[in-house]
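Structure first, then comments.
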Amino acid sequence: MITSSLSNPRTRQESNQLKRVRMIVDCLSPPVRVVQDESLAQPLCLVGSTLRAPHDCHARYMANMGSIRSLAMAN
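Residue 196 is where the sequence shown starts when you use the numbering used here, and the numbers rise one by one after that.
See the structure below:
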């Protein structure tokens, strides 16, 4: 599916500039908690990481459409 800038909210456009590839491997998998090792000198920062669960409403939408995987690329 190709979308134009008219169909994408401004916040999504800005987010796409930072993260050009978004991937959901399995929308039916439960999220996994990330635990920080206490011996790390600085707190773990996952800002900009692609290691995150899809939003609940997006996972339900994908499941309802019969799709469990998603790959989106922005230019």
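In this text, a Cβ means the ideal position worked out from N, Cα and C, and glycines have one as well.
Per DSSP, what kind of secondary structure is residue i in: helix, strand or coil?
i    : result
A258 : helix
H250 : coil
Can you tell me the Cβ-Cβ gap for residue i and residue j, rounded? I've got them flagged as a contact below 8 Å.
i    : j    : result
Q231 : P238 : 7 Å
S265 : M257 : 6 Å
So, for residue i: in the same chain, excluding its five sequence neighbours on each side, which residues have a beta-carbon less than 7 Å away from its beta-carbon?
i    : result
C222 : P249, A254, M257, A258 and I263
A267 : R217
Starting from the C-beta of residue i, find all residues in its chain whose C-beta is less than 8 Å away, skip the five residues before and the five after it, and write them out in chain order.
i    : result
R247 : L241
V220 : R264
Taking the DSSP output, what are the residues bridged to residue i?
i    : result
S224 : Beta-bridge pairing links S224 to no other residue.
I219 : S265
Give me, in chain order, the residues of the same chain whose beta-carbon lies closer than 6 Å to that of residue i; leave out the 5 immediate sequence neighbours on both sides.
i    : result
R215 : A269
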